[in-house]
Amino acid sequence: MKKCPSPDRPEYAFIGRSNVGKSSLINMLVDQKNLAKVSVKPGKTQLINHFMIDESWYLVDLPGYGYAKVSLTAKDKFQKLISRYILERENLYCLFVLIDIRHAPQKIDMEFITWLGENHVPFAIVFTKADKLGKVSVAKNVAVYSQELKKLWEELPPILVSSSLDGTGRDEIIFFILNIHKSA
Ligand code: GTP
Ligand code: MG
134 MKKCPSPDRP EYAFIGRSNV GKSSLINMLV DQKNLAKVSV KPGKTQLINH
184 FMIDESWYLV DLPGYGYAKV SLTAKDKFQK LISRYILERE NLYCLFVLID
234 IRHAPQKIDM EFITWLGENH VPFAIVFTKA DKLGKVSVAK NVAVYSQELK
284 KLWEELPPIL VSSSLDGTGR DEIIFFILNI HKSA
């Protein structure tokens, strides 16, 4: 936390299970292949990584949660670091929670989202890997997820759909970020 740059401009961070595609999404948004390090193996990103955009805001790559293969102590350390970052980072304007579009709602994500709500953290949901499904299945899975969220929330959070492979959602996410800037 101490090594994070001073909180002098808005920042937007990406979180979600290991391997969901956080680092890939950042690369897609900035249109660079290797800015954030990507791996087929989960557990690649292990630190808080800040990328400054246009001298005016930060995109932040975070380690994933729910990766079984790291030791319990490492898991605990990650979790503490991530929760401190989320709760204490004063310039965090929005946290993007990434969810693999292919899967049914998972307990770990639901619990994490509930924790965000309880702590009044501003967040949006971004479904990833939309290229792996057809349009109909994407719409169906978003609907299933929304139903599940409605059990917890009166109002749904913003929901975006993305693919780092084909650029789906890039304009929408950038537009979403710029809109927060405008209203801030
Ligand atoms: P950790 O840092 O380990 O928590 O993972 P991460 O969430 O940053 O995932 P990362 O971006 O490293 O991607 C994990 C794997 O998923 C890589 O093999 C990526 O190529 C793949 N991947 C990520 N996004 C997409 C996508 O939109 N479509 C497809 N088909 N594959 C993707
Ligand atoms: Mg990563």
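Per my numbering, residue 134 is the first one in the sequence shown, and the count goes up by one each step. Every residue, glycine too, gets a C-beta built ideally from N, C-alpha and C. Remember, it's a predicted structure, so these values are computed and weren't measured experimentally.
Asked: I need the straight-line Cα distance from Asp141 to Glu223, nearest angstrom please.; Found: 9 angstroms
Asked: Let me confirm a value: Arg217 is counted as buried when at least 16 other C-beta atoms fall within 10 Å, else exposed. Which label applies?; Found: exposed
Asked: Do Asn160 and Ser296 have their C-beta atoms closer together than 8 angstroms?; Found: no
Asked: Taking the alpha carbon of Thr261 as the point to measure from, which residue in Val230, Gln165, Ile307 and Leu214 has its own alpha carbon closest?; Found: Val230
Asked: Alpha carbon to alpha carbon, what distance is there between Trp190 and Lys315?; Found: 13 angstroms
Asked: At which residues does the alpha helix (DSSP H) containing Thr247 begin and terminate?; Found: Lys240 to Glu251
Asked: Rounded to whole angstroms, what's the CA-CA distance from Lys283 to Phe245? Just pull it up for me.; Found: 15 angstroms
Asked: At the level of alpha carbons, what is the spacing between Ile148 and Asn182?; Found: 12 angstroms
Asked: Taking 7 angstroms as the cut-off, is the C-beta of Lys320 nearer than that to any heavy atom in the ligand MG?; Found: Since the first residue of the chain shown is 134 and the last is 317, residue 320 is not available in this structure.
Asked: Under 7 angstroms from any heavy atom of the ligand GTP, does the C-beta of Val269 make it?; Found: no
Asked: Mind listing, in chain order, the continuous beta strand (DSSP E) runs of no fewer than 3 residues lying wholly within the segment 220-301?; Found: 225-233, 256-261 and 292-294
Asked: Let's test the definition: count the other Cβ atoms within 10 Å of the Cβ of Glu251 and tell me whether it reaches 16, buried, or not, exposed.; Found: exposed
Asked: Can you tell me the Cα-Cα spacing of Arg303 and Leu162, whole angstroms?; Found: 6 angstroms
Asked: State buried or exposed for Lys155, treating a residue as buried only when at least 16 other CB atoms are found within 10 Å of its CB.; Found: buried
Asked: Do Asp264 and Thr301 have their C-beta atoms closer together than 8 angstroms?; Found: yes
Asked: Taking the alpha helix (DSSP H) that Glu188 falls in, what are its first and last residues?; Found: No alpha helix (DSSP H) holds Glu188; DSSP gives it neither H nor E.
Asked: What's the call for Val294, buried or exposed, on a 16-neighbour Cβ count within 10 Å?; Found: buried
Asked: With which residues is Phe147 paired in a DSSP beta bridge?; Found: Asp194 and Phe229
Asked: Cβ-heavy atom distance between Thr206 and the ligand MG below 7 angstroms?; Found: no
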